[in-house]
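Asker: Each residue of the sequence shown is one higher than the one before, starting from 4 at the first, in this note's numbering. Quick one: this structure, given as structure tokens, is what I'll be asking you about.
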Amino acid sequence: MGPTPPGTGKTDINAGSRDMNRTSISDSKNRGLPVSPAVVAQPSPANKTITEVSHKGGQGAMVNAVETQRTCQVEYGSYCLWREENKEPMKDAKVKHMKDLLFVARAYYPSIAKMPSQSKLTRDMKQNIQEFERILIVSSADADLPPQVDKKFEKMEAVISKAKSFPVDCNNVDKKLRQILDMTEDEASFHMKQSVFLYQLAVHTMPKSLHCLSMRLTVEYFKSGSVDTEDSEKFSDPSLLHFVVISDNILASSVVINSTVLHARESKNFVFHVLTNEQNYFAMKQWFIRNPCKQAAIQVLNIEKLELDNSDVKLPLPAEFRVSFLSGDNLASQGKRTHYLSLFSQSHYLLPKIFHKLKKVVILDHDVVVQRDLSPLWELDMEGKVNGAVKECSVRLGQLKSLKGGSFDANACLWMSGLNVIDLARWRELGVSETYQKFYKQQMSGGGQSREAIALQASLLTFQDKVYALDDKWALSGLGYDYYINTQTIKNAATLHYNGNMKPWLELGIPQYKTYWRKHLNREDRFLSDCNVNP
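See below:
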């Protein structure tokens, strides 16, 4: 299997969760590599594109509450997880009672209004209904209710009781209550969709503080006339240990590099290549000039200015996908299960050309925190494979209904980005980038699918039989969506992957996981305080 991350103790393997061959402890010792405690594999999150998948067989039915939560995730994504964890109990018992009385009064009012002899009751009901409506417009909790509201309750209950004493057409009352129910459900659906939109806006929009940081650093770069101290010889030296980070986020890039260097045995052998876009290029350079990382070399590249065959190169970040499929052996027990996956973007397929002198690199997503020395990854014998990655066997290729464009092993596990060991020499030899473009064009010509879904399928087909399965202990996914990861599991992991929507630099990030990320951020930099950056 290759090296296991540093640590002590025996490897505890759950045979039912993975079908990959694993290296025994004695094999690791024979290679001179350390052995660490087990890390429980976590479902991998991501939230940008929904891909429907199906599954025959699998796990049994869960309790109704869990299935309701899963159904919510299928429709609205990780917002449902965030909502459940951040829901605050409201003291609104009286408000709810007011709404119930209002619904009943509205249901009886049309029938009473048709009775000429009950004009006074009609006026009283109308007055009480209008008064309740005015109060509920400005009241969402009991504390918002006006004083002496109990008297208003008594008046409303009295007119409803009197209205019920008259013979009315029950069909009319039933029809009115159903209309009110439909209107209430529509209103609830509207508020749900509005909340989801605001949540998505919050997680996909750059915070004002980070935009300020980027602008201030860019101005400082040109104002200070910063001298480029880059050592170009290191950047193309294949004997050194090269890392690639693709990012447009200054703080995220800083944390992943700082955490990697902190745990390195010899940081002087580490070289980091940060691929960013033109907008953040000078800000990224200025940040690392101000905040060097020990003896490690850092090269910042503007991917839009590189001399590549692609005339219009942008910076797509690693793509995140939310996949949902049926679980359960029979129709009665079937429910939707949701998993979150992160895979390569089109930027990754340019790496062999960008780093044409290098033979091997390790790719780190910018939402990763490193907790162990990653040097043993360069001692890995990948057995002719191109991509060393942690596999996600809770989702398999055969479960993707829309997967097409070539033969594939239906039982093959999906792989994850986050931490990837790439054999660039083997990549060039097998023409992986060309294979990806071929599959991508084939899928595009078929039509009927989004570009994101096509990119997902093309990546999975491209790397079929080309992925070397890293031990699960090298990467722990789920810190961007899963609130229930065990603390000891987190401590034992070599890298933590915050894939999902709840990134640690966002206000919506999961609070208990932010500590692992924050401690690698240089919070003393004056630009952070000037821009009120406080993730």
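By construction, the Cβ of each residue, glycine as well, lies at the ideal position given by its N, Cα and C atoms. Model, not experiment: these values are computed from the prediction.
Which stretch, first to last residue, makes up the alpha helix (DSSP H) that contains Glu395?
Answerer: Where Glu395 is concerned, there is no enclosing alpha helix (DSSP H), although the beta strand (DSSP E) it sits in stretches over 390–399.
Asker: Could you give the uninterrupted runs of the alpha helix (DSSP H) lying entirely in the segment 119–173, keeping only those of 4 residues or more?
Answerer: Segments of the alpha helix (DSSP H) lying fully in the segment 119–173: 122–141, 152–167.
Asker: Is Arg529 helix, strand or coil by DSSP?
Answerer: In this structure, Arg529 counts as helix in the three-state DSSP scheme.
Asker: Based on the DSSP secondary-structure assignment, which residues constitute the bridge partners of Ser345?
Answerer: DSSP lists Glu323 as partners of Ser345.
Asker: Run through DSSP, which three-state label would Val259 get?
Answerer: The answer is helix: DSSP assigns Val259 an H, G or I state.
Asker: Helix, strand or coil for Ile292? Go by DSSP, reduced to three states.
Answerer: Here Ile292 sits in helix by DSSP.
Asker: Cβ atoms of Asn390 and Lys469: under 8 Å apart, would you say?
Answerer: It is a contact, given that the beta carbons lie within the stated cut-off.
Asker: Start and end of the beta strand (DSSP E) containing Leu422?
Answerer: Start and end: 422–426.
Asker: My output table needs one value for Asn252: the three-state DSSP class, helix, strand or coil.
Answerer: Three-state DSSP puts Asn252 in coil, outside helix and strand.
Asker: Taking the straight line between their C-alpha atoms, what separation do you get for Met101 and Glu190?
Answerer: Taking the straight line from one Cα to the other gives about 17 Å.
Asker: Look up Ile366 in the DSSP assignment and say whether it is helix, strand or coil.
Answerer: Ile366 falls in the strand class under three-state DSSP.
Asker: Could you tell me whether the segment 214–221 touches the segment 352–359, using the rule of 3 or more Cβ pairs below 8 Å?
Answerer: These segments do not touch.
Asker: Could you give the first and the last residue of the continuous beta strand (DSSP E) run that contains Cys416?
Answerer: That run of the beta strand (DSSP E) goes 416–418.
Asker: Counting along the chain, where does the beta strand (DSSP E) carrying Gln298 start and finish?
Answerer: It is not in any beta strand (DSSP E) - Gln298 carries neither H nor E in the DSSP assignment.
Asker: In the structure shown, what three-state DSSP assignment does Thr279 receive?
Answerer: In the structure shown, Thr279 sits in a strand (DSSP, three-state: E or B).
Asker: Identify whether His359 lies in helix, strand or coil by the three-state DSSP scheme.
Answerer: Here His359 sits in coil by DSSP.
Asker: Is the segment 181–195 touching the segment 490–505, taking contact as three or more C-beta pairs under 8 Å?
Answerer: The segment 181–195 is not in contact with the segment 490–505.
Asker: What's the gap between the Cα of Pro514 and the Cα of Ser81?
Answerer: Using only the alpha carbons, I get a separation of about 15 Å.
Asker: With 16 as the cutoff for other CB atoms within 10 Å, does Arg526 come out buried or exposed?
Answerer: Arg526 should be labelled exposed.
Asker: Drop a sphere of 10 angstroms on the beta-carbon of Glu395, count the other beta-carbons inside from all chains shown, and report buried for 16 or more, exposed for fewer.
Answerer: It is buried - the Cβ of Glu395 has at least 16 other Cβ atoms within 10 Å.
Asker: On the DSSP bridge list, what partners appear for Tyr471?
Answerer: In DSSP, Tyr471 forms a bridge with Gly391.
Asker: Return the residue from the list Ser348, Asp485, Leu422 that minimises the CA-CA distance to Gln460.
Answerer: Here the closest residue by C-alpha is Ser348.
Asker: Beta-carbon within less than 7 Å of Val199's beta-carbon, same chain only, minus the 5 sequence neighbours each way: which residues are those?
Answerer: Tyr79, Tyr82, listed in sequence order.
Asker: Here's the rule I'm using: 16 or more other beta-carbon atoms within 10 Å means buried, otherwise exposed. How should Gln130 be labelled?
Answerer: It counts as exposed.
Asker: Among the candidates Ala322, Ala456, Ile457, Asn423, whose CA atom is the shortest distance from the CA of Ala497?
Answerer: The residue with the shortest Cα to Cα distance from Ala497 is Asn423.
Asker: Suppose contacts are defined by Cβ-Cβ distances below 8 Å. Is Val274 in contact with Leu244 by that definition?
Answerer: Closer than 8 Å, so yes.
Asker: When the distance is taken between beta carbons, is Val162 closer than 8 Å to Met128?
Answerer: Cβ distance < 8 Å, so Met128 and Val162 count as in contact.
Asker: Just verifying my parser: in three-state terms, what is the DSSP assignment at Phe273?
Answerer: Phe273: strand per DSSP, three-state reduction.
Asker: State whether the segment 278–289 contacts the segment 371–390, with contact taken as three or more CB pairs (one from each stretch) at a distance under 8 Å.
Answerer: Output reads no: the segment 371–390 does not touch the segment 278–289.
Asker: Leaving out the 5 sequence neighbours to the left and right, which residues in its chain are closer than 7 Å to Leu124 when beta-carbon positions are compared?
Answerer: Around Leu124: Ile115, Val162, Lys165, Ala166.
Asker: Grouping DSSP H, G and I as helix and E and B as strand, with all else coil, what is Leu216?
Answerer: In the structure shown, Leu216 sits in a helix (DSSP, three-state: H, G or I).
Asker: Tell me which residues share the same chain as Arg429 and place their Cβ nearer than 7 Å to its Cβ, disregarding the 5 neighbours each side in the sequence.
Answerer: Counting only Cβ-Cβ distances below 7 Å, and skipping sequence neighbours, we find Gly387, Val389.
Asker: Given this structure, state the Cα-to-Cα distance separating Ile366 from Arg137, to the nearest angstrom.
Answerer: Approximately 59 Å, taken between the alpha carbons.
Asker: Can you find the residues in the same chain that come closer than 8 Å, C-beta to C-beta, to Leu433, ignoring five residues on each side of it along the sequence?
Answerer: The answer, listed in chain order, is Val389, Lys469.
Asker: Exposed or buried, what is Pro379 when buried is set at 16 or more other beta-carbons lying within 10 Å of its beta-carbon?
Answerer: Buried, by the Cβ-count rule.
Asker: Which one of Lys522, His523, Glu510 has the shortest CA to CA distance from Asn535?
Answerer: Asn535 has its Cα closest to that of Glu510, out of Lys522, His523, Glu510.
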